[in-house]
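S.K.: Quick mapping for you: the protein sequence lines, in order, are chains A and B. Sequence positions in the first sequence follow our numbering and run 35 to 465. Sequence positions in the second sequence follow our numbering and run 35 to 465. So that we are looking at the same thing, I have put the structure below in structure tokens.
Number of protein chains: 2
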Amino acid sequence: MHHDPLPQIASQMNAMGQFARAASRAMAAASTAKKNQVLADLAQRLNQNRAALVQANLKDIKAAEAAGSDAAFIDRLKLNDKVIDGMIAGVKQIHDLADPIGEISGLQQQPSGIRVGRMRVPIGVIGIIYESRPNVTVDAAALCIKAGNATVLRGGSEAFHSNTALAEFIGQSLAAAGLPSTAVQCLQTTDREAVGAMIRLDQYIDVIVPRGGKSLIERISREATIPVIKHLDGVCHCYIDSHADVEKAIRVADNAKTQRYSPCNTMETLLVHDSMVEKALMPLVKIYLEKKVELRVCPRTRSALEQLGLATSSLVDATEEDWRTEYLAPILSIRLVKDLDEAIDHIETHGSHHTDTILTEHHGHAMRFIREVDSASVMINASTRFADGFEFGLGAEIGISTNKLHARGPVGLEGLTTQKFVVFGNGETRS
Amino acid sequence: MHHDPLPQIASQMNAMGQFARAASRAMAAASTAKKNQVLADLAQRLNQNRAALVQANLKDIKAAEAAGSDAAFIDRLKLNDKVIDGMIAGVKQIHDLADPIGEISGLQQQPSGIRVGRMRVPIGVIGIIYESRPNVTVDAAALCIKAGNATVLRGGSEAFHSNTALAEFIGQSLAAAGLPSTAVQCLQTTDREAVGAMIRLDQYIDVIVPRGGKSLIERISREATIPVIKHLDGVCHCYIDSHADVEKAIRVADNAKTQRYSPCNTMETLLVHDSMVEKALMPLVKIYLEKKVELRVCPRTRSALEQLGLATSSLVDATEEDWRTEYLAPILSIRLVKDLDEAIDHIETHGSHHTDTILTEHHGHAMRFIREVDSASVMINASTRFADGFEFGLGAEIGISTNKLHARGPVGLEGLTTQKFVVFGNGETRS
């Protein structure tokens, strides 16, 4: 349940909001050249100030060690030359992307004589709330700058000194190009109350992008009075159709599960047409078992595999809960289906509308699948692991959205913009 | 403050939500021909059942009269031949619109070999909450059907019998085309609690479109856990620039205020460049005063008009509050500005980001205005009154959105759709 923040945090957040709103006007009016100047300067500045960054980061590392954080956590927190190289490369990549702002589309003359089109414009002020990796600070700020937005950043309290140092350099690069350094602001407190205040600043912040675990995102969605571009579960499916090319099906279903276990676009449930058990499922089961993937199967899958002579003692019986679980681990649920309808029904009933793929050479089946499966990314003969801003050609990614409105699926620069109507007239009036 | 609805209403709403979600799958898969068949049948059915509609409407009229409602209210509630003609014409118009569903845009091959594009798809389930006019029932339902969505409608309790009869005919037209009649459902209760339950059905309803007064919309936005396509204030501006064509400026600024006083896209504040007082403002003031428009002016406007010999005793001094007030009445606030920057500043500080227009022949000023004014509709040399789905060529309008995300400005069929990523592969895997 929401409760009001302390007055001093509220007034601090309010001031940040006002600065951000004012800065957003300058950012929206800035030319592509100016925004690129900021990014080029930032890449250089980060390179020249590696020592200062490492030193600020050391304070966070020592605090984490003193708090007894585990090695993996400290590893994610660390800013070393390799991580700084990655940040610089990211900034350069965003520098090289086309500027989406100002594009006018669909301009058409209307019967009254006016010409009406849509112009792509920045959203305004983006609030980003994220966990411990400090590289998100630079990545998110650079994307927001390129899209002409102002940004309020709230990183994890464990990375406070690192983020503050990074934000300082970003501010210097903005100022060097004659833009307000307040276009990127980092929360000056590690107080958790500040997040609660930030997500209710609807007067000043236009959208919140949370990056982190499901519980953080659920809390923010519940309490925010600002629209949230959120990313919840990825319960992704592969369906091996009656008309699948067996070789492609095995290759894709293997890759979708085992290339990496933790991403949100990894397959969690494999659906197989009855006719494909011997040719496709059997070889796949052997691959999965060899790679130590735990298989949770429906009763028909178990008996079909037994009939083919497989020792099924290592297979687990899938429960109803399994069909809607995002494992993010070497666990896969498997279900046999009698036709395309049953496959689509299963996905619509149990899936999370993230990413689903069909393996088939049947044109009609493929077209029905992409039309009827209501997910952010729907694929034919491709691994679910492709659901990613870079693989989709967006050039960058601020996150993957499971919202239906505004931004759906991988979110790049365009997701940080909106469109307004523009009207070119010549003195027309309405009658 | 939200409180939980009565259990019986909650379970009734839950059942409606489940029906709507199931129906939305059939609607999304329906061909354009099938959806058009529903609309053609509906137009015919309404025409053939005029007597039944008038009879149902009579119950509402009698109840309203017994409750002592005023004549204007009863007039809005009334279904007579003319109103039914209008509904039928609206349905036919939506029948004739191009179907937005299924369009794939931006399909491009990526380095991995996959081809990635975006497909336009229905949103799913649209909840519409509106006040007493029963024609909205048919209009909203027809738009949702054409865009492939299921709909839950909650009309004003005063039009309960009319809406129930209309929904019955819509259901019959759906069934006649072999589509689920539950694709359009009308709340079977006039209980206000039901609205509270409906706007929290996030599991089943994807977006809420409220049509009504500001207090209704504010309440819904505050309490809903579902995204709301909302329409708040229209504090619209005309700015007469130093380089305005005087004749066009007078024509447009007159039209923008006086063509109709109550619409949201009517001008509420006129900004005038200092150099345009004698040529443009003076004649406009005379027009407004003749049309009995109350003028609320800044001190500089008053003294400039006095110097030109106008008797300014009828002019009212504008307060800070005036600059942010949507009058919806024959009242206009007027302010002199020294340049384009001051005009844009005023609009950004006091406006409601709805619709604003510049009167100018100066290309640079015009381009800065449409780029820097952050409103849903920004115009050059055209009346603000054009901000309308029909005038913008959308073919229909479910409302005007003051949101920044998803749908901004007039919302037509496209605003009832979203886009998903589609991937065409040939067995590609991620490495």
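All residues carry an ideal CB built from backbone N, CA and C; glycine is no exception.
Going along chain A in order, which residues have a C-beta closer than 8 Å to the C-beta of residue 289/B?
M.R.: As a first step, residue 289/B is located in the second sequence; it is residue number 255 there, counting from the start. Ordered by position in chain A, the residues that pass the 8 Å Cβ test against residue 289/B are 463, 464.
S.K.: Report all residues from its chain with a CB closer than 7 Å to the CB of residue 255/A; omit the five preceding and five following residues, and keep chain order.
M.R.: Here residue 255/A refers to the residue found at position 221 when the first sequence is read from its first residue. Answer for residue 255/A: 262, 264, listed in chain order.
S.K.: Less than 8 Å between the beta carbons of residue 301/B and residue 332/B, yes or no?
M.R.: Sequence index remark: in the second sequence, residue 301/B carries index 267 (1-based). Sequence index remark: in the second sequence, residue 332/B carries index 298 (1-based). It is not a contact, given that the beta carbons lie outside the stated cut-off.
S.K.: How would you list, in chain order, the residues of chain B whose beta-carbon sits under 9 Å from the beta-carbon of residue 48/A?
M.R.: Indexing the first sequence from 1 puts residue 48/A at position 14. Per Cβ cutoff of 9 Å: no residues; residue 48/A is ~16 Å from chain B at best.
S.K.: Is the CB-CB distance between residue 83/B and residue 195/B below 8 Å?
M.R.: One-based indexing of the second sequence puts residue 83/B at position 49. One-based indexing of the second sequence puts residue 195/B at position 161. No, they are not a contact pair.
S.K.: Run the CB neighbour count on residue 55/B, radius 10 Å, all protein chains shown included, and call it buried at 16 or more, exposed below.
M.R.: Residue numbering aside, residue 55/B sits at position 21 when the second sequence is read from its first letter. By the 10 Å Cβ count, residue 55/B comes out buried.
S.K.: Using Cβ-Cβ distances below 7 Å, what residues of the stretch 411-434 of chain B are close to chain A?
M.R.: Result list: 411, 412, 413, 414, 415, 416, 417, 419, 420, 425, 426, 427.
S.K.: Where do the N-terminal and C-terminal ends of the alpha helix (DSSP H) with residue 444/A fall, by residue?
M.R.: In the first sequence, residue 444/A corresponds to position 410, counting from 1. Per DSSP, residue 444/A belongs to no alpha helix (DSSP H); it is in the beta strand (DSSP E), 443-445.
S.K.: Compare the Cα-Cα distances from residue 67/B to each of 355/B, 181/B, 387/B and report the closest residue.
M.R.: As a first step, residue 67/B must be located in the second sequence, where it is residue number 33. The residue with the shortest Cα to Cα distance from residue 67/B is 181/B.
S.K.: So, is residue 214/B buried or exposed, given that buried needs 16 or more other C-beta atoms within 10 angstroms?
M.R.: Against the second sequence, residue 214/B aligns to sequence position 180. Under this definition residue 214/B is a buried residue.
S.K.: What does residue 384/B touch in chain A if you count any residue whose Cβ is under 9 Å from its own?
M.R.: Your numbering for residue 384/B matches position 350 in the second sequence. Neighbours of residue 384/B on chain A: none; closest Cβ ~14 Å, over 9 Å.
S.K.: Opposite residue 462/A in the DSSP bridges: which residues?
M.R.: Within the first sequence, residue 462/A is the residue found at index 428, counting from 1. In the DSSP output, where bridge partners are listed per residue, residue 462/A has 416/B.
S.K.: Just grab the DSSP bridge partners of residue 369/B for me.
M.R.: What you label residue 369/B is simply residue 335 of the second sequence in a count that begins at 1. 305/B, per the DSSP bridge assignment.
S.K.: Looking at the structure shown, is residue 279/B part of a helix, part of a strand, or coil, going by DSSP?
M.R.: What you label residue 279/B is simply residue 245 of the second sequence in a count that begins at 1. Coil.
S.K.: Please compile the residues from chain A whose C-beta is within a distance smaller than 9 Å of the C-beta of residue 406/B.
M.R.: Here residue 406/B is taken as the residue at index 372 of the second sequence, counted from 1. Correct list: 59, 62, 63.
S.K.: Have a look at residue 235/A and residue 164/A and give me their C-alpha separation to the nearest angstrom.
M.R.: Translated into positions along the first sequence, residue 235/A becomes position 201. Translated into positions along the first sequence, residue 164/A becomes position 130. Residue 235/A and residue 164/A: Cα-Cα distance of roughly 17 Å.
S.K.: Would you say residue 241/B reaches chain A, if we count a Cβ-Cβ gap shorter than 8 Å as a contact?
M.R.: By 1-based counting over the second sequence, the position of residue 241/B is 207. Taking Cβ atoms only, chain A reaches closer than 8 Å to residue 241/B, which makes this a yes.
S.K.: Quick one: list the residues of chain B neighbouring residue 455/A, beta-carbon separation under 8 Å, in chain order.
M.R.: As a first step, residue 455/A must be located in the first sequence, where it is residue number 421. Neighbours of residue 455/A on chain B, chain order: 410, 411, 412, 421, 426, 442, 443, 444.
S.K.: So which residues of chain B does residue 158/A contact, with C-beta pairs closer than 8 Å?
M.R.: By one-based count along the first sequence, residue 158/A stands at place 124. Near residue 158/A (Cβ distances below 8 Å), the residues of chain B are 408, 438.
S.K.: Within the 8 Å Cβ cut-off, does residue 282/A reach chain B?
M.R.: Within the first sequence, numbered from 1, the residue matching residue 282/A stands at position 248. At least one chain B Cβ lies under 8 Å of residue 282/A.
S.K.: If we define contact as Cβ-Cβ less than 8 Å, is residue 206/B a contact residue for chain A?
M.R.: As a first step, residue 206/B must be located in the second sequence, where it is residue number 172. Not closer than 8 Å to any Cβ of chain A, the Cβ of residue 206/B fails to qualify, so no.
S.K.: Just the Cα atoms here: how many angstroms apart are residue 128/A and residue 97/A?
M.R.: In the first sequence, residue 128/A corresponds to position 94, counting from 1. In the first sequence, residue 97/A corresponds to position 63, counting from 1. Computed Cα separation, rounded: 32 Å.
S.K.: Could you spell out where the alpha helix (DSSP H) holding residue 375/A opens and where it closes?
M.R.: On the first sequence, residue 375/A is found 341 positions in, with the first residue counted as 1. Where residue 375/A is concerned, the enclosing alpha helix (DSSP H) stretches over 374-384.
S.K.: Whether or not the stretch 409-426 of chain B and the stretch 279-295 of chain B are in contact is what I'm after, with contact meaning three or more pairs of Cβ atoms, one per stretch, closer than 8 Å; do they touch?
M.R.: Yes, the stretch 279-295 of chain B is in contact with the stretch 409-426 of chain B.
S.K.: Is the shortest distance between the beta-carbon of residue 146/B and the beta-carbons of chain A less than 8 Å?
M.R.: Locating residue 146/B in the second sequence gives position 112, where the first residue counts as 1. It does: the Cβ of residue 146/B has a partner Cβ on chain A nearer than 8 Å.
S.K.: Which same chain residues end up closer than 8 Å to residue 35/B when comparing Cβ atoms and leaving out the 5 residues on each side of it in sequence?
M.R.: Locating residue 35/B in the second sequence gives position 1, where the first residue counts as 1. Any reading at residue 35/B needs caution, since the residue's pLDDT is 45, under 50, leaving its predicted position unreliable; the model's value is listed next. Within the same chain, residue 35/B has no close Cβ partners at all.
S.K.: Kindly say whether residue 459/A, judged by its beta-carbon, lies nearer than 8 Å to any beta-carbon of chain B.
M.R.: In the first sequence, residue 459/A corresponds to position 425, counting from 1. By this cut-off, residue 459/A is an interface position.
S.K.: Would you say the stretch 391-399 of chain B touches the stretch 277-286 of chain B, given that touching needs at least three Cβ pairs under 8 Å?
M.R.: With a cut-off of 8 Å, the stretch 277-286 of chain B and the stretch 391-399 of chain B count as touching, because enough Cβ pairs lie within range.
S.K.: To which residues of the same chain is residue 372/A closer than 8 Å at the C-beta, ignoring the five residues directly before and after it?
M.R.: Counting from one through the first sequence, the residue named residue 372/A turns up at place 338. 307, 308.
S.K.: Report the CB separation of residue 152/A from residue 455/A in whole angstroms; it is logged as a contact under 8 Å.
M.R.: Here residue 152/A corresponds to residue number 118 of the first sequence, with the count starting at 1. Here residue 455/A corresponds to residue number 421 of the first sequence, with the count starting at 1. The Cβ separation is near 6 Å, so the contact holds.
S.K.: Could one say the Cβ of residue 136/A lies closer than 8 Å to chain B's Cβ atoms, at least one of them?
M.R.: Here residue 136/A is taken as the residue at index 102 of the first sequence, counted from 1. Yes - at least one Cβ of chain B is within 8 Å of the one on residue 136/A.
S.K.: Going by DSSP, what residue range makes up the alpha helix (DSSP H) through residue 16/B?
M.R.: What the structure shows of chain B is the stretch from 35 to 465, and residue 16/B is not part of that stretch, so it cannot be assessed.
S.K.: For chain B, find out if any of its Cβ atoms is closer than 8 Å to the Cβ of residue 390/A; answer yes or no.
M.R.: The sequence position of residue 390/A within the first sequence is 356, counting from 1. No, because no Cβ of chain B sits closer than 8 Å to the Cβ of residue 390/A.
S.K.: Please go through the same chain and pick out, in chain order, the residues whose beta-carbon is closer than 7 Å to the beta-carbon of residue 441/A, but skip the five residues on each side of it.
M.R.: Here residue 441/A is taken as the residue at index 407 of the first sequence, counted from 1. Residues of the same chain with a CB within less than 7 Å of the CB of residue 441/A, apart from the 5 flanking positions on each side, are 263, 435, 449 in chain order.
S.K.: Check whether chain A comes within 8 Å of residue 334/B, counting only Cβ atoms and requiring the distance to be less than that.
M.R.: Here the question's residue 334/B lines up with position 300 in the second sequence. No, residue 334/B does not count as interfacial toward chain A.
S.K.: Check whether the Cβ atoms of residue 410/A and residue 380/A sit closer than 8 Å, and answer yes or no.
M.R.: Sequence index remark: in the first sequence, residue 410/A carries index 376 (1-based). Sequence index remark: in the first sequence, residue 380/A carries index 346 (1-based). Contact flag unset, no.
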